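Protein chains: 2
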Amino acid sequence: MSEYMIALDAMGGDNAPQATCAGAVEALRENSGIRIRLYGREDVIKANLGDYSDVASRLDIIHTTEEISMEDAPMLAVRRKTDSSLVRAAMDVREGTAQALVSAGSTGAVMACGILRIGRIQGVERPALGVLYPGVEKTFLILDSGANVDCQPKYLSEFGLMGAAFMSSVTGISDPEVRLLNNGAEETKGSKLYKEAHQMMKEQKAYRFTGNIESRDVPFGKCDVVVCDGFDGNILIKLTEGIASAMFGLLKQSLMATTAGKIGGMLIKPSLKGFKKHFDSEEVGGAPLLGVSAPVVKAHGSSHATAIKNAVFQAFNMIKGDVCGKIAQGMEKITASSAEAEERMEETK
Amino acid sequence: MSEYMIALDAMGGDNAPQATCAGAVEALRENSGIRIRLYGREDVIKANLGDYSDVASRLDIIHTTEEISMEDAPMLAVRRKTDSSLVRAAMDVREGTAQALVSAGSTGAVMACGILRIGRIQGVERPALGVLYPGVEKTFLILDSGANVDCQPKYLSEFGLMGAAFMSSVTGISDPEVRLLNNGAEETKGSKLYKEAHQMMKEQKAYRFTGNIESRDVPFGKCDVVVCDGFDGNILIKLTEGIASAMFGLLKQSLMATTAGKIGGMLIKPSLKGFKKHFDSEEVGGAPLLGVSAPVVKAHGSSHATAIKNAVFQAFNMIKGDVCGKIAQGMEKITASSAEAEERMEETK
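Protein chains in written order, with our numbering: chain A, 5 to 353; chain B, 5 to 353.
Dropping the structure here:
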């Protein structure tokens, strides 16, 4: 089995470096096809690794002296802090010493690193951050989840391509179904941005677009990719968290109001655990940054070891499934077909 | 006690005219300060009223020969179908024979009637449709809920004014707290539209603006009015419905998976009813169309008698609280302060 080298920012995230070190060791133990480079202060990393002799041959530690904090201005920090754990990891990915980047650090800094240090795939205008959403029927990708709050229609069409490439590579779905978030099913629905995006998505031939999806249907997981701008993606994800939390609170309150409710509540506790697990971000793995020329996974800031391990596995699957190659090929198709469309426009003039 | 005349479109809604007729009679029985005019086919209305002799002195039937259906193009239908129940009701409100309009018919047609037949309040650029959202702490208004998908910053600032006027009139809150939906708490957050709207809302002095609210906090009801464009308002409302429905489904599934869950589920059934009631639109009453010169309430298309009754009560409270007068006064303040701001801009040039 071929080995893939994953660059892991040991210093990023609320629980770093304990969670990143423990997650790295877990990932190596569970998947022998993975090699990991941990970037950060060598002494701190070593103090947190515990006994890792069984996987030591596949784990390198790269000593770095700086860190990018949540308070740093992302673009500036990524430009100036050249010996930070995040930037050093990204530079190694750019140079090919590692094939993918994983970090639980600041979202802005990870994005800036992807764009400035690793670089965009040719033709891609805006890299976007995907989030896996646990739908009732299946888990699907929301793209963009918050990176690009002001979008043009062509960005949304690109998000469709990148999302389809990710889902086919990582989950193995042969022809992922892409839909556009909208306030109605008909193609005449929506704001100017979404109406124009719908037309562009309908005309392209690089991925399977099956029309609009209304917010009401989003939680059910009726497609593989939901495309929207970053402002609306943020609403989808944060409102879901808010409602789930509000509903658990109200449910508890309703149950505590009566004796039967209290007894019933105790009996259903184990069932509720399975129910809660459905909404657990630890299980999912991390947000892929799509549109840059190597796989980048942004793990949640509050990630514990399991979430870091799952983020590493996701990066592994992205390398293995050649997500970036698929996006590059798709971009060529999209560019070719929009050139054709422009030619037709010229002829009819 | 003074009596207010409410014009009720008897033919609008999925359950019309049974629900509208029954709702009208219920409203009259419960509130002796109300008079109702029912618009529609006289024979059909009479057949659905049952025995209403106890309230007959406060109920008029206005015979009309046309109806506006869900298939009609709203603007066109409102212009052409001059003897439809909805247009006749709106014309009487314009002429002052009635003080408010209630309809469970097509949202587009009710909006068009408000704008074309009743007319906007001076200075208001875009009337908007509010929806009352049952937050955990309190019920609040989302404005706009879907009428205006493409907005300019000044429309959002107007929505703040109209929402505050509604909440103070109808719920009696003395100085309602207005917040702007956004993807972060800081005023530099958001898309271009929301950033500019934030600045305008901060500068005006017609209502109390207390900053941004993130989607995650929306379900908790931490303010009285949430301002957003109609596209995002639609997401807030429809996604909430979708998640509530998905969560009930998953909860049921989790409970049915084990014997303890099944027994517990039976015990908590009464508690769940109270919980479900929290999300029940029947209780709420209808969506106010704000910015037109008389109170207009759009009841839900699937309204039964109780929902119609509550929509009538809401219209009654809007007349009594002089929502439209408050909006008109606030618009003067907003117009004056933006004229001042423009003058300052000129002086500094």
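Where a beta carbon is used, it is the ideal one built from N, C-alpha and C, also for glycine.
Only a predicted model underlies this, so the values are computations on that prediction, with no experimental measurement involved.
Beta-carbon contacts of residue i that lie in its chain and below 7 Å, excluding the five residues immediately before and after
i	result
B/F170	G134, L145, P292, L294, V327
B/K142	G225
B/Q22	N52
B/G325	S173, V174
A/R92	Y43, I66, T68
A/G265	S258, L259
B/D179	R212
B/M95	R121
B/P157	L197, E200, A201, M204
B/M15	P21, G44, E71, S89
Residues bridged to residue i (per DSSP)
i	result
B/P138	B/T143
B/K206	Answer is none; B/K206 lacks a bridge partner.
B/R124	B/V296
B/S107	B/K302
A/F213	A/V182
B/M270	Per DSSP, none; premise fails for B/M270.
B/L133	B/L293
B/R39	B/M9
B/E218	B/N186
B/V174	Per DSSP, none; premise fails for B/V174.
B/V29	Paired residue(s): none; B/V29 is not in a bridge.
B/V316	Looking at the DSSP assignment, B/V316 forms no beta bridge with any residue, so it has no partner.
B/V229	B/L145, B/V182
Proximity of residue i and residue j at Cβ, strictly below 8 Å
i	j	result
B/I122	B/V97	yes
A/P274	A/T244	no
B/D221	A/G246	yes
B/G27	B/I312	yes
A/A298	A/L105	yes
A/R33	A/M9	no
A/H3	A/N19	The structure shown does not extend to residue 3 of chain A, since chain A spans only 5 to 353, so no value can be given for it.
B/M205	B/S149	no
A/V296	A/A315	no
B/L90	B/D13	yes
B/I272	A/I272	yes
A/A11	A/A102	yes
A/V153	B/N238	no
B/K50	B/E70	no
A/L253	B/V48	Looking at the sequence shown, residue 253 of chain A is not Leu but Gly. Not a contact, by the Cβ cut-off of 8 Å.
A/I29	A/Y56	The amino acid at residue 29 of chain A is misidentified as Ile; the sequence shows Val. Yes.
B/A151	B/A168	no
A/S88	B/F235	no
A/E181	A/Y159	no
A/L185	A/F163	no
Same chain, Cβ closer than 8 Å to residue i, neighbours up to 5 away in sequence not counted
i	result
B/R183	F213, T214, G215, N216, I217, K226, C227, V229, V230, V231
A/L165	Q208, A210, Y211, I331, G334, M335, I338
A/M5	With a pLDDT of only 48 at A/M5, under the threshold of 50, the placement of this residue in the model should not be trusted; the figure read from the coordinates follows. Counting only Cβ-Cβ distances below 8 Å, and skipping sequence neighbours, we find S36, G37.
A/K199	E191, T192, K193
A/K256	G269
B/S341	E207, Q208, K209, A210
Contacting residues, own chain, Cβ-Cβ under 6 Å from residue i (five flanking each side not counted)
i	result
B/Q233	For the record, residue 233 of chain B in the displayed sequence is Asp; it is not Gln. Excluding residues within five positions, the ones whose Cβ falls inside 6 Å are C155.
A/M79	A116
A/S219	none
A/D58	none
B/V114	S107, K302
B/M74	S110
B/G127	M335, T339
B/A319	I10, A104, V106, P299, V301
B/G112	P78
B/E351	none
B/S306	D18
Cross-chain neighbours of residue i in chain A, by beta carbon under 7 Å
i	result
B/S195	V153, D154, F235
Chain-ordered chain B contacts of residue i [CB-CB under 8 Å]
i	result
A/I265	Ile is not the amino acid found at residue 265 of chain A; the sequence shown has Gly there. What A/G265 touches in chain B: L271, I272, P274, S275.
A/G215	Neighbours of A/G215 on chain B: none; closest Cβ ~16 Å, over 8 Å.
A/G112	Near A/G112 there are no residues of chain B at all, since even the closest Cβ is about 12 Å away, more than 8 Å.
Contacts that residue i makes with chain B (C-beta to C-beta distance below 7 Å)
i	result
A/A250	V140, P223, F224
A/G134	In chain order: nothing, as chain B lies at least about 16 Å away.
Per-residue contacts from residue i into chain A (C-beta, under 9 Å)
i	result
B/K302	Under the 9 Å cutoff, chain A gives no residues; its nearest Cβ is about 16 Å from B/K302.
B/S219	N238, I239, L240, I241, K242, L243, T244, E245, G246
B/G150	N187
Cross-chain neighbours of residue i in chain B, by beta carbon under 9 Å
i	result
A/G305	Going along chain B, no residue has its Cβ under 9 Å from A/G305, so there is no contact; the nearest lies around 15 Å.
Entirely enclosed alpha helix (DSSP H) segments - the stretch 44-105 of chain A, minimum 4 residues: 46-53, 78-84, 89-99
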